[in-house]
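Asker: Residue numbers (the working numbering): 273 to 756.
The beta carbon of each residue, even a glycine, is placed where N, CA and C say it ideally should be.
Every value quoted in this text rests on a predicted model; they were computed, and no experiment measured them.
I have a structure I would like to understand better, so I am pasting it below and will then ask my questions one at a time.
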Ligand code: NDP
């Protein structure tokens, strides 16, 4: 098997195997063939990984930020040099077209390593003068051992978005990828060691949810960063609360995208395509509720259908292919189930709506129009290539409807009215908003959700606050006054 790693886990700078763990079969979603066989972590492996991270932490934190940063930036350079090979692996792990993985996965991981590597040397506390000579200074300290748990849609990116800020701050990490896409995080761990990261600083162990749960509840762990669904987020947050651990929760969404009559239709259609069909719709921040003002509804739908006819399905390794399979048979069936619900509840199917007849787990890009707010496809996260188009007439009406959801991950507006754009964004109940574009997530900008979509932010300088804490030191320059 071409993509079989040397072993299932990467602990203390080495590949480690324990064949007593439950089997994990890695399947290429474009064909259904098994490309690697791994084992879930046994309690002994979990123990080994946590010990390794715990033992490595103090020495890693004692390096200067410049030294830690240099290692992260070296790892970033290696990832960029190997971008094509890493992208081939990512395409086989996830099914995403090579056209996408070469620009959005290892490159995005490398951006995070470079950005947080650059910040590492400037992470400091502050000096706070208090008058009378007294002062406080604060020391920014690492949290300790951090656990990262990933979803299957962007495995390399998630491994780096969590690992890079954690390591920059002097923490060590045990990362558990989704068992659906376990391969690329191992490469991230290998590259970090090659770049000079000491043994045990970044460990990867495989497993199902039970392995994630045992990591979260371990008393050696100071922080948990999860990318996953809301139901899993609830469980992980509750387990972390029990140990008063820090958390970052990057969860699901059902984000609105509003297109006003005065918008540039071509740009709005491009935004809707990016926000619904990139990675076959398996993106957490997707704008799956597309509210289109009545005056341009038919023009929008017509242009959208014309553009979708150019989506090229096929072997994801073909560089011309722009639309790949779903990550798994299970995710395909979930998506097809939602499509049936959309039809049954009276939405008008205007594009796609079927499984694509070929090997693998392909579903057509699908567009429903005349969707109403209460339909299942407008309320629940599908995580597949299904766009719901809803009509609206006034700004007030659409604002209320856009926010009428338990989720708050992202939101977008297309309009050429400058003041309206800012008014709408100010009203959105969402962590990440877009004006006249959609779904970009540069490392320099905070990313994350409000409401049920999450807690905390990834990327940007804000991520540093989620991977470190301040120690306050009060220094007296005067005699101590006591009442008696
Ligand atoms: P899941 O919530 O099913 O799983 C996420 C991860 O958590 C997996 O590694 C999973 O392991 C693990 N896990 C499951 N149960 C537990 C538990 N009790 N304790 C600890 N860990 C556990 O999500 P998916 O992998 O299906 O990913 C899709 C979801 O992720 C969507 O809702 C999507 O919106 C969200 N997402 C959010 C993003 C964001 O940045 N906000 C980005 C990408 C995706 P296993 O898979 O082995 O069960």
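1. Here's the rule: buried if 16 or more other CB atoms are within 10 angstroms of the residue's CB, otherwise exposed. What is residue 520?
2. Give the secondary structure of residue 550 by DSSP, where H, G and I count as helix, E and B as strand, and everything else as coil.
3. With a cut-off of 8 angstroms, do at least 3 Cβ pairs link the segment 689-709 to the segment 396-410?
4. Hey, out of 353, 414, 333, whose CA is closest to residue 739's CA?
5. With distances taken Cα to Cα, identify the nearest neighbour of residue 749 among 325, 380, 401.
6. Tell me, please, whether the segment 538-555 touches the segment 717-732 by the rule of three or more beta-carbon pairs shorter than 8 angstroms.
7. With a threshold of 16 other CB atoms inside 10 Å of the CB of residue 755, please say whether the residue is buried or exposed.
8. Which of helix, strand or coil does DSSP assign to residue 387?
9. Let me confirm a value: residue 516 is counted as buried when at least 16 other C-beta atoms fall within 10 Å, else exposed. Which label applies?
10. State yes or no: is the C-beta of residue 573 nearer than 7 angstroms to some heavy atom of the ligand NDP?
11. Compute the Euclidean distance between the alpha carbons of residue 332 and residue 444, then round it to the nearest angstrom.
12. Could you pull out every unbroken alpha helix (DSSP H) segment of at least 4 residues lying fully inside the segment 575-649, listed in chain order?
13. Measuring CA to CA, which of 692, 743, 751 is closest to residue 410?
14. Does residue 289 come out as helix, strand or coil in the three-state DSSP assignment?
15. Say whether the segment 299-318 touches the segment 482-499, bearing in mind that this needs 3 or more beta-carbon pairs closer than 8 angstroms, one atom from each stretch.
16. Suppose you measure from the CA of residue 667 to the CA of residue 696; what does that come to, to the nearest Å?
17. Are there 16 or more other CB atoms within 10 angstroms of the CB of residue 647, so buried, or fewer, so exposed?
18. Is it buried or exposed, residue 493, if we count other Cβ atoms within 10 angstroms and call 16 or more buried?
19. Compute the beta-carbon to beta-carbon distance between residue 611 and residue 478, rounded to the nearest angstrom, for a pair I have assumed lies under 8 angstroms.
20. Using DSSP with H/G/I as helix, E/B as strand and the rest coil, what is residue 373?
21. Return the Cβ separation of residue 366 and residue 424 in integer angstroms, given the expectation that the two are a contact with Cβ distance under 8 angstroms.
22. Report the option in 537, 603, 570, 318 whose CA atom is closest to the CA atom of residue 634.
23. To which residues of the same chain is residue 418 closer than 6 angstroms at the C-beta, ignoring the five residues directly before and after it?
24. Quick one: what's got a C-beta closer than 6 angstroms to residue 531's C-beta in the same chain, skipping five residues either side?
25. CB-CB under 6 angstroms to residue 318, same chain, minus the five flanking residues each way: which ones, in chain order?
26. For residue 393 and residue 527, I'd like the C-alpha separation in whole angstroms.
27. Tell me which same chain residues have a C-beta within less than 7 angstroms of the C-beta of residue 428, skipping the five on either side of it?
28. So the candidates are 618, 600, 542, 620; which of them puts its Cα closest to the Cα of residue 583?
29. Which residues does DSSP pair with residue 705 in a beta bridge?
30. Run through the DSSP bridge pairs and tell me what residue 306 is partnered with.
31. State the beta-bridge partners of residue 565 as determined by DSSP.
32. At what residues does the alpha helix (DSSP H) containing residue 348 begin and finish?
33. Between which two residues does the beta strand (DSSP E) holding residue 411 run?
34. Where does the unbroken alpha helix (DSSP H) through residue 432 begin, and where does it stop?
35. Taking 7 angstroms as the cut-off, does the CB of residue 605 come closer than this to any heavy atom belonging to the ligand NDP?
Answerer: Reading off the structure:
1. The count along the chain shown starts at 1 and reaches residue 520 at position 248. Taking a 10 Å sphere around the C-beta of residue 520, we find 16 or more other C-beta atoms and assign the residue as buried.
2. Translated into the one-based positions of the chain shown, residue 550 becomes position 278. Residue 550 falls in the helix class under three-state DSSP.
3. Of all C-beta pairs linking the segment 689-709 to the segment 396-410, fewer than three are shorter than 8 angstroms, placing the two stretches out of contact.
4. For the purposes of this step, residue 739 is taken as the residue at position 467 of the chain shown. When each option's Cα is compared against that of residue 739, the closest is 414.
5. The residue labelled residue 749 in the question sits at position 477 within the chain shown. That would be 401, whose Cα lies nearest to the Cα of residue 749.
6. Output reads no: the segment 717-732 does not touch the segment 538-555.
7. Residue numbering aside, residue 755 sits at position 483 when the chain shown is read from its first letter. Exposed: under 16 other Cβ atoms inside 10 Å.
8. By one-based count along the chain shown, residue 387 stands at place 115. In this structure, DSSP gives residue 387 a helical state, which the three-state scheme calls helix.
9. Position 244 of the chain shown, counting from 1, holds the residue named residue 516. Result: exposed.
10. Your numbering for residue 573 matches position 301 in the chain shown. Answer for residue 573: no, Cβ out of range of the ligand NDP.
11. Your numbering for residue 332 matches position 60 in the chain shown. Your numbering for residue 444 matches position 172 in the chain shown. Here the C-alpha atom of residue 332 lies approximately 8 angstroms from the C-alpha atom of residue 444.
12. Correct list: 601-616.
13. What you label residue 410 is simply residue 138 of the chain shown in a count that begins at 1. Taking only the C-alpha atoms, the option nearest residue 410 is 743.
14. As a working note, residue 289 is residue 17 in the chain shown. When secondary structure is reduced to three states using DSSP, residue 289 falls in the coil class, being assigned neither helix nor strand.
15. Between the segment 299-318 and the segment 482-499, the count of C-beta pairs closer than 8 angstroms reaches three or more; the two stretches touch.
16. As a working note, residue 667 is residue 395 in the chain shown. As a working note, residue 696 is residue 424 in the chain shown. Approximately 8 angstroms between the Cα atoms of the pair.
17. Here residue 647 refers to the residue found at position 375 of the chain shown. Looking at its Cβ environment, which holds 16 or more other Cβ atoms inside 10 Å, residue 647 is buried.
18. Start at 1 with the first residue of the chain shown, and residue 493 comes out as number 221. Per the 10 Å Cβ criterion, buried.
19. To locate residue 611, count along the chain shown from 1; it is residue 339. To locate residue 478, count along the chain shown from 1; it is residue 206. The Cβ separation is near 32 angstroms, so there is no contact.
20. Along the chain shown, one-based indexing puts residue 373 at 101. In this structure, residue 373 counts as helix in the three-state DSSP scheme.
21. Looking up residue 366 in the chain shown gives position 94. Looking up residue 424 in the chain shown gives position 152. Yes, residue 366 and residue 424 are in contact; Cβ-Cβ is about 7 angstroms, under 8 angstroms.
22. One-based indexing of the chain shown puts residue 634 at position 362. A check of alpha carbon separations from residue 634 across 537, 603, 570, 318 identifies 603 as the nearest.
23. In the chain shown, counting from the first residue as 1, residue 418 sits at position 146. Taking residue 418 as the centre and dropping the five residues before and after it, the same chain places the C-beta of 438, 443, 445, 495 closer than 6 angstroms to its C-beta, in chain order.
24. What you label residue 531 is simply residue 259 of the chain shown in a count that begins at 1. If we look at residue 531 and ignore the five residues flanking it on each side, its Cβ neighbours are 540, 564, 686.
25. Here residue 318 is taken as the residue at index 46 of the chain shown, counted from 1. Listed in chain order, the non-local C-beta contacts of residue 318 below 6 angstroms within the same chain comprise 486, local neighbours out to five positions each way being set aside.
26. Walking along the chain shown from the start, residue 393 turns up at place 121. Walking along the chain shown from the start, residue 527 turns up at place 255. Cα to Cα, residue 393 sits roughly 37 angstroms from residue 527.
27. Residue 428 sits at position 156 when you count from the first residue of the chain shown. Same-chain partners within the cutoff: 358, 362, 377, 378, 381, 456, 460.
28. Start at 1 with the first residue of the chain shown, and residue 583 comes out as number 311. In terms of CA proximity to residue 583, 542 leads the group 618, 600, 542, 620.
29. The count along the chain shown starts at 1 and reaches residue 705 at position 433. Here residue 705 is bridged, per DSSP, to 683.
30. Start at 1 with the first residue of the chain shown, and residue 306 comes out as number 34. Answer is 299.
31. Position 293 of the chain shown, counting from 1, holds the residue named residue 565. According to the DSSP secondary-structure assignment, residue 565 is paired through a beta bridge with 664.
32. Numbered from its first residue, the chain shown carries residue 348 at position 76. That run of the alpha helix (DSSP H) goes 337-353.
33. As a first step, residue 411 is located in the chain shown; it is residue number 139 there, counting from the start. First-last of the beta strand (DSSP E) with residue 411: 406-414.
34. Sequence index remark: in the chain shown, residue 432 carries index 160 (1-based). Unbroken alpha helix (DSSP H) run through residue 432: 427-440.
35. Along the chain shown, read from residue 1 onward, the residue named residue 605 stands at position 333. For residue 605, the Cβ stays outside the 7 angstroms cut-off from all heavy atoms of the ligand NDP.
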